[in-house]
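Asker: Before I ask anything, let me first share the structure, which is written out below as structure tokens.
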Amino acid sequence: MSVMAELAMFPMNPATGGSLSPYVARVLNIVRASGLGHSLGPMGTVIEGEWDEVMQCITACFRELEKDCDRVYMTLKVDWKRGTRPRMEQKTQSVLQKL
1 MSVMAELAMF PMNPATGGSL SPYVARVLNI VRASGLGHSL GPMGTVIEGE
51 WDEVMQCITA CFRELEKDCD RVYMTLKVDW KRGTRPRMEQ KTQSVLQKL
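Going by full-length UniProt numbering, the sequence shown opens with residue 1, and the numbers climb by one from there.
Dropping the structure here:
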């Protein structure tokens, strides 16, 4: 089983003058440390792995921002499929081959 989750998470009350990148970097550090496959995009990060691993990573990301943020906004899109991974590159390549 494989899950790909696209995550965007940031505070609604940043104390950095409006820039969210320091918070996004904190979240991305946790994703990187998880050892899961991931891909940073301009509007979110795709994380790939087994369901429990990915959800534990997302929870850890939330807990990191919860420490010093009064409000956290998160969008999460999930694609679960029986089968093997990695699928992130396969999905992209499949579309590009059809262009």
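Ideal placement from N, C-alpha and C gives every residue a C-beta, glycine not left out.
By alpha-carbon positions, which one of R26, A25 and R32 ends up nearest to G49?
Answerer: If we check each option's Cα against that of G49, R32 comes out closest.
Asker: Would the beta-carbon of E64 fall within 7 Å of that of I30?
Answerer: Yes, the pair counts as a contact, with Cβ atoms nearer than the cut-off.
Asker: Using the C-alpha atoms, what's the distance from L99 back to G35?
Answerer: Going from the Cα of G35 to the Cα of L99 covers about 32 Å.
Asker: Could you tell me which residues DSSP pairs with I47 in its beta bridges?
Answerer: Partner(s): A5 and H38.
Asker: DSSP beta-bridge partners for M55?
Answerer: In the DSSP output, where bridge partners are listed per residue, M55 has none listed.
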